[in-house]
Amino acid sequence: MPKKPLEGLRVADFSWYGAGPIAGNTLSQFGAEVIRVESETRPDGLRRVHPFAMNPDGTFKTGYNVSGYFNNFNTGKLSIQLNLNVPKGQEVAYRLIEKCDVFLTNFTPRVIDKWNLRYEQISAVNPRIIAAYAPMQGLTGPHRDFLGFGAVLTPVTGISHMSGFPHRPPIGVGTNYPDYVINPGHTVTAILAALRYRNRTGKGQLIELPQIESVVNALGTAVVEYLVNGDNPGRMGNRSLNASPHGAFRCADDPESVGSVDRWVVIACRDDREWAAAAAALGHPEAAADPRFATFEARKANEDELEALIGSWVRDRKAEDVAAALQAAGVPAGVVQNAQDLLERDEHMRARGYYQYVEHPEAGREAHDGPAFRLSATPGSVPGPAPLLGEHTMEVCERIIGLSMDEVADLLAEGVLV
Amino acid sequence: MPDRALDGVRVIEFADETAAYCGRLLADLGAEVIKVEPPGGGRLRRARPFVRGHEGDPNASLAFWVHNTSKKSVVLDLETDEGRSLARKLALTADIVLEDCPVGYLAERGLGFDTLHAEKPSLVYTSVTGFGQDGPHAHWAYSDIVGQAMGGIMTLAGEPADPPNLIYGRQADISASIQAAQGTLMALLYAEATGEGQRVDVSAQEALSMAQETAMQTWDFQKRNRTRTGELGMLPIPLPATGVAKCKDGYVSLYILAPAGKDLPALVDWMREKGMQGPLDDEPYRTIVNQLNMAWLTQLMSNPAAAGEILQHLPVITKTILEFFATMSAREAYEEGQRRQLLIGIVSTPKDIAENAQLRARDWFVRIESPIGGTVEFPGPPYRLSETPAVISRPPRLGEHTDEILASLR
Chain Z
4 MPKKPLEGLR VADFSWYGAG PIAGNTLSQF GAEVIRVESE TRPDGLRRVH PFAMNPDGTF
64 KTGYNVSGYF NNFNTGKLSI QLNLNVPKGQ EVAYRLIEKC DVFLTNFTPR VIDKWNLRYE
124 QISAVNPRII AAYAPMQGLT GPHRDFLGFG AVLTPVTGIS HMSGFPHRPP IGVGTNYPDY
184 VINPGHTVTA ILAALRYRNR TGKGQLIELP QIESVVNALG TAVVEYLVNG DNPGRMGNRS
244 LNASPHGAFR CADDPESVGS VDRWVVIACR DDREWAAAAA ALGHPEAAAD PRFATFEARK
304 ANEDELEALI GSWVRDRKAE DVAAALQAAG VPAGVVQNAQ DLLERDEHMR ARGYYQYVEH
364 PEAGREAHDG PAFRLSATPG SVPGPAPLLG EHTMEVCERI IGLSMDEVAD LLAEGVLV
Chain R
24 MPDRALDGVR VIEFADETAA YCGRLLADLG AEVIKVEPPG GGRLRRARPF VRGHEGDPNA
84 SLAFWVHNTS KKSVVLDLET DEGRSLARKL ALTADIVLED CPVGYLAERG LGFDTLHAEK
144 PSLVYTSVTG FGQDGPHAHW AYSDIVGQAM GGIMTLAGEP ADPPNLIYGR QADISASIQA
204 AQGTLMALLY AEATGEGQRV DVSAQEALSM AQETAMQTWD FQKRNRTRTG ELGMLPIPLP
264 ATGVAKCKDG YVSLYILAPA GKDLPALVDW MREKGMQGPL DDEPYRTIVN QLNMAWLTQL
324 MSNPAAAGEI LQHLPVITKT ILEFFATMSA REAYEEGQRR QLLIGIVSTP KDIAENAQLR
384 ARDWFVRIES PIGGTVEFPG PPYRLSETPA VISRPPRLGE HTDEILASLR
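Here the protein sequences line up with chains Z and R, keeping their order.
For the first sequence, our numbering begins at 4 and goes up steadily by one.
For the second sequence, our numbering begins at 24 and goes up steadily by one.
Printed below as a string of structure tokens:
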């Protein structure tokens, strides 16, 4: 078994929902010991939402431990139940933080204040701590306690205004999009940078990742267009300023695609050569020389017609065949895949073994997102199933925090470890 | 100048659209990132939009700017022996090589991982491509929309009657770069601890596939595909106080049935204060308003029939709520709603973001030099590190540092 790069790193994960726990999940996949602090008095909402694992009789399993949503983001973590609303719970939290290298949270400052987990408080306990706070809006400022999650950030940061078709209202992108890659990925990037600094100087530090700042930073040129040019751009559907055709085209339905039979191929032609290759690959080489479409400017000027024409070429063909023909001609193209495709039908995903399967004691065999980057000498992996709520309360108290069995018994009796 | 987290780290970057943002993250954190560009520059140098009046100027592409702050630029022609030889010398001065070329392109030019790593075992070599370094699609042509389609997120975005929607802002490229930054820093820490470098391989398709949200697990557990549902997202049916509401001057998005905020009665309290509660204090609406919460919703998702009798009354509740939001500005709806702990997000335009009260109060925007003269305001970094802040300086002009860097190689 090759070594993982973060072995020996211990993380106190005081986060919940998506953006925070996913950052912890990445650290866990690469060898860190991640301790998820939870409480049955206010469990992570993801433990209580779909999709739930199913029983053999077709009914849904129930309880806190069978949500695929939660389980996917918390692999291999330890779970301790701790009531942070009581002073003794906060004392246990400090003793845990003392034993950790990284502190992670995405609660609002209002809650952090209530739990006495501000940076000056936890760094007094552990001056070497790298403390990452990822609230929606930042730790200060007039909106610091605004609530939300990815789907609220999507409109607030401009994703909704800039995505989708202009004749539609700004409906967003169907998911809590920034929770999954942008915010956890920026958080881990900052934590690793801070680790390097600590390796060199011994000093910990405060990382503040206001999710709004993180997302706007990753949102293309829209805000810069306003700041530099005074323009206020809007959404343009699937079109691009730099490629034409550029969009999704409907192909023949696929009755085997469960509940999702409409099939679409995307095509991006970034220059005249790619357009000529695409037209030829789709059996209509004459279209490349058609004056309506021969140059980029002409294609942009006649884009409705161009899209209708390509739509007519592919409408009765299999999307996979269209994509393969275009790719054989060197044109960027691909099928708009659904989860069934990604898990079961995409030969490339399968060959690379992206999804990893683990056995969960309550949910059963589960698919997990594997590491999203591959390290040749020190690869990550899904380290094990997500913890049951409170599964490791005793272990964390005794082995990591160093409490005696009597102390743990008292805390249990006093309702601190709940 | 403050301490920099990546002080002393040198990155040689052979990147254009897909890995440039990774290089930018490293550069803003203090690494010396030297971007090797072909004569004339790559695709991003030619990408719209440009600074107005400077269309086509390789130093004036805003798309280039946002992915290339704080770097240096060297022009080398990898199609010539001399260019390849200089690039090789330069790459061997690096702690990190970062590239997004087609698979095999750099190896064919003597700049592949195996060759460079053999000569410099501590080297971290990060490759960011559409589909990764191996597998049946490794050589497929890639552009951002292909990553978003093949990675599964487009299928979840948009109205059912429309084509699947692309998410704005090169999100496959950005995701690949963000994943690459994490992998690169892990490999760097490992190399600094052990002297052992390695290859970091990132596939844009894999990089954003976690953003399918619950679609993957829904198939895994329930053999059901999530599809695009307009503004419903995961909701099984349209519900009051969820989705887009039109205000006097724009839109807000409502998520009031979602967990973490206050439930519907708190919205009705606000409506009542303005005399706009309509029939919602009367039965049957009053009981339903009190009933529509997360627990009810979870039950509904397991069994949509559970909505039962309630369904027929929902349109009146929705209509009353939409009429309320139509009377105020989007900013008032957002700020006052949030003060009441209601989950409401304003639908910001780019101008709204530039004027956002929170971002302004926190001095997030920075002022940088413009590569074509003068200074411009620019979005700040994604995070604030108290001891080693990210510092954004201007993107380089094409070939600006060629002489300086090449002189250092002699």
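Cβ atoms here follow ideal geometry from the backbone N, Cα and C, with glycine treated the same way.
Remember, it's a predicted structure, so these values are computed and weren't measured experimentally.
In the DSSP annotation of this structure, the continuous segment of the alpha helix (DSSP H) that includes T310/R starts and ends at 308–314. Cβ neighbours of H90/R within its own chain (closer than 7 Å, five residues either side excluded): A43, Y44, R47, L67. Contact between the segment 235–254 of chain Z and the segment 363–383 of chain R is present, with at least three C-beta pairs closer than 8 Å. Non-local beta-carbon contacts of F73/Z in its own chain, meaning distances under 7 Å to residues more than five positions away in sequence, involve D47, L49, R50, A389 in chain order. Cβ atoms of M352/Z and Q245/R stay farther apart than 8 Å, at about 20 Å. Annotation: Cβ neighbours of L195/Z in chain R (cutoff 7 Å, chain order): Q205, L208, M209, L212. For Y278/R, there is no enclosing alpha helix (DSSP H); the enclosing beta strand (DSSP E) covers residues 274–278. Annotation for L391/Z: Y67, N68, S82, P364, E365 place their beta carbon closer than 8 Å to its own, counting only its chain and skipping 5 residues before and after. In chain order, G161, M165, P236 place their CB closer than 7 Å to the CB of A225/Z, counting only its own chain and leaving out the 5 sequence neighbours on each side.
If you draw a 10 Å sphere on the C-beta of D16/Z, you find 16 or more other C-beta atoms in it, and that means buried.
Under the 8 Å Cβ criterion, the segment 328–341 of chain R counts as touching the segment 298–310 of chain R, having at least three qualifying pairs. For the 8 Å CB-CB criterion, L334/R and L280/R do not form a contact. Apart from sequence neighbours up to five positions away, the residues of its chain that approach K102/Z with a beta-carbon distance below 7 Å are R13, I403, I404, ordered along the chain. By the Cβ-count criterion, H170/Z is exposed, with fewer than 16 other Cβ atoms from all chains shown falling within 10 Å of its own Cβ. For H351/Z, the chain R residues whose Cβ falls inside 7 Å of its Cβ are F154, G158, P159, H160, in order along the chain.
Considering only I174/Z, A380/Z, E308/Z, the residue with the shortest C-alpha distance to R295/Z is E308/Z. Residue pairing for G368/R: DSSP places it in a beta bridge opposite S276/R. By the Cβ criterion, the segment 378–387 of chain Z is not in contact with the segment 187–196 of chain R, since fewer than three pairs of Cβ atoms, one from each stretch, lie closer than 8 Å. For the segment 47–109 of chain Z, the full-length alpha helix (DSSP H) segments reaching 4 residues or more read 71–75, 90–101 along the chain. Counting C-beta atoms within 10 angstroms of its own C-beta, Y360/Z has fewer than 16 neighbours from the protein chains shown and is therefore classed as exposed. The three-state secondary structure of V114/Z, taken from DSSP, is helix. DSSP, reduced to helix, strand and coil, places L179/R within a helical segment of the structure shown. In the displayed model, V98/R falls within a strand according to three-state DSSP.
For K321/Z, the closest Cβ of chain R is not nearer than 8 Å. Along the segment 326–346 of chain Z, going in chain order, the ones with a CB nearer than 7 Å to a CB of chain R are Q330, G333, V334, P335, A336, G337, V338, V339, Q340, N341, A342, Q343, L345, L346.
Collapsing the DSSP output to three states places A135/Z in a strand. Considering only L323/R, K297/R, I311/R, D243/R, the residue with the shortest C-alpha distance to D372/Z is D243/R. The way I'd put it, the segment 277–292 of chain R does touch the segment 139–153 of chain Z; three or more beta-carbon pairs between them come closer than 8 Å. DSSP links L209/Z through a beta bridge to A134/Z. Looking at the backbone, the Cα of E259/Z and that of R348/Z are separated by about 11 Å. Against chain Z, the CB of P282/R has a partner CB under 8 Å away; the residue lies at that interface. Exclusion of the five residues before and after D30/R leaves G53 as the residues of its chain whose Cβ lies within less than 7 Å of its Cβ. Nearest in C-alpha terms to L329/Z, of all of Y20/Z, V227/Z, A271/Z, G356/Z, is A271/Z.
Between C254/Z and R266/Z, the CB-CB gap stays under 8 Å. Contact annotation: A134/Z and T190/Z have beta-carbon atoms that are not nearer than 8 Å. G218/R has its alpha-carbon roughly 35 Å from the corresponding atom of N109/Z.
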